[in-house]
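Undergrad:
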Amino acid sequence: MGSSDIAPPHAPAWLVPLSTVFLGLGVLFWDMAYVLMTIRGIKTRSYGMPILGLAINVSWEIVYGFYVAEAAFERLGFAVWLLLDLGVIYTTVRFAPEAWAATSPSVGARMPWILALLVAVGCWGHYAFAAWWLARPGVGTGDKTGKWYYGRDGYDTTELAYWSAGVSQLVLSSASVAMLVVRGHSGGTGYAIWLCRFLGSLFGMGVCSGLLWWYWPEAHSYWTLPMSIFMCGLSFACDVAYPFVLWRVRQTEKMLPDGRLIGAHESELDKAKVQ
1356 MGSSDIAPPH APAWLVPLST VFLGLGVLFW DMAYVLMTIR GIKTRSYGMP
1406 ILGLAINVSW EIVYGFYVAE AAFERLGFAV WLLLDLGVIY TTVRFAPEAW
1456 AATSPSVGAR MPWILALLVA VGCWGHYAFA AWWLARPGVG TGDKTGKWYY
1506 GRDGYDTTEL AYWSAGVSQL VLSSASVAML VVRGHSGGTG YAIWLCRFLG
1556 SLFGMGVCSG LLWWYWPEAH SYWTLPMSIF MCGLSFACDV AYPFVLWRVR
1606 QTEKMLPDGR LIGAHESELD KAKVQ
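In structure tokens form, the structure reads like this:
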């Protein structure tokens, strides 16, 4: 977002193009994460993204791809994201009945409807926030001069995307750690997937936003606000903790003949049933 921005004279001419490159790197790493997640999900007959995290991500891509994005390459990026997300959605819907069989079979059986409802609510929320933000110029933190949107000055889609993507990131990062702990196995995910997610968020939200803040602080001071630090800091902490939790879980998980993974607690339940 923000590829049509015009930086002030004191900022280097390469600022907006370079920040767009870093944003593109973030998109690329997330694309890789979706592909790897789909492959891993099919291999382990599971899914790797928490349901709420998947729904809020897909709805974010829909609203920003079809409503907020202005440039053709921005729309293309969101279209690729959505296309690759279909694989993650497929593994979620396909293998949810097996994943939820021991805890709540009705949830697994109704996963297509549950996911559809969550995506619809997510689209509603993202659209409401974006429509409010874009209703008039100057919304956001600092001086929005140079922030162009459809030929109008003062509309900062970069900050808009930052807050909405940050909420999505916080939900996904925290829920991913929780899903590992609750499941007790790594079905649908792995170290390479985590690394792609981590680098995608680091470049897309961290490096890109930090660069803009450093050279164009009057329009990007939101990056250092307490809410931003809390949101990104907690997401970062969850992402850093994730591989350690993953390592611990993989020490006790077991693989079944069909490729599925189960946690240690599920193995104990199976033993108890046999006895």
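Residue numbers for the sequence shown follow this note's numbering, beginning at 1356 and rising by one.
C-beta: ideal position from N, C-alpha, C; glycine also.
If you're wondering where the values come from, they're calculated on a predicted model, not measured in any experiment.
Evaluate F1594 with the Cβ neighbour count: other Cβ atoms within 10 Å of its Cβ, from every protein chain shown; 16 or more gives buried, anything less gives exposed.
TA: As written in the sequence, residue 1594 is Asp, which differs from the Phe given in the question. So D1594 counts as buried.
Undergrad: Take the Cβ of W1415 as the centre, count every other Cβ of all protein chains shown within 10 Å, and call the residue buried at 16 or more, exposed below.
TA: That one is buried.
Undergrad: Evaluate P1405 with the Cβ neighbour count: other Cβ atoms within 10 Å of its Cβ, from every protein chain shown; 16 or more gives buried, anything less gives exposed.
TA: The residue in question, P1405, is buried, as its Cβ has 16 or more Cβ neighbours within 10 Å.
Undergrad: Exposed or buried, which one is L1554 when buried takes at least 16 other CB atoms within 10 Å?
TA: Looking at its Cβ environment, which holds 16 or more other Cβ atoms inside 10 Å, L1554 is buried.
Undergrad: Excluding the five sequence neighbours on either side, which residues of its own chain have a C-beta within less than 8 Å of the C-beta of S1529, listed in chain order?
TA: Contacts found: L1589, S1590 and C1593.
Undergrad: Per DSSP, which one or two residues make a beta bridge with W1518?
TA: Partner(s): none; W1518 has no beta bridge.
Undergrad: Classify S1523: buried if its beta carbon has 16 or more other beta carbons within 10 angstroms, exposed otherwise.
TA: It counts as buried.
Undergrad: Quick check: what's the CA-CA separation for L1580 versus P1492?
TA: Distance between the alpha carbons of L1580 and P1492 is about 21 Å.
Undergrad: Within 10 angstroms of its Cβ, does H1365 collect 16 or more other Cβ (buried), or is it exposed?
TA: Label assigned to H1365: exposed.
Undergrad: Just the Cα atoms here: how many angstroms apart are D1440 and L1550?
TA: For D1440 and L1550, the distance between alpha carbons rounds to 18 Å.
Undergrad: Would you mind sorting W1369 into buried or exposed? The rule is 16 or more other CB atoms within 10 Å of its CB.
TA: Exposed.
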